[in-house]
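In UniProt numbering, the protein residues as written are 1 to 90.
Don't be surprised by glycine CBs; every beta carbon is placed ideally from N, CA and C.
Since this is a predicted model, take the numbers as computed values, not measurements.
Step one of this worksheet: look at the structure below.
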């Protein structure tokens with residue numbers, strides 16, 4: 001079981017995924033799973049059980065590849081997306 005701060009980070013992670021899909025910067029959650037070679041079942045369990053821990057690399061990928069703000073992901077402060085966008089994933 002994670003502490004409340006870790007659970008909040010998990011929830012923000014999935015908020016960012018949902019927003020990327022909404023903005024059409026990502027086709028869907030399967031895009032993220034496929035791109036990084038993740039186990040689909042485990043990934044979906046993280047969403048329904050936000051008290052489970054996950055790889056910190058997932059956060060890094062959102063920051064580096066999709067322009068999500070690391071400050072927002074970790075603290076919930078500021079904007080969801082950073083002003084600079086590192087790459088344009090396909």
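Boundaries of the alpha helix (DSSP H) around residue 58: 57-66. Residue pairing by DSSP places residue 81 opposite 68 in a beta bridge. Annotation: residue 26 to residue 35 spans about 11 angstroms, alpha carbon to alpha carbon. Scanning its chain for C-beta atoms nearer than 7 angstroms, with the 5 sequence neighbours on each side dropped, one finds around residue 32 the residues 17, 26, in chain order. Within its own chain, the residues whose Cβ lies closer than 7 angstroms to the Cβ of residue 77, once the five positions on either side in sequence are excluded, are 71, listed in chain order.
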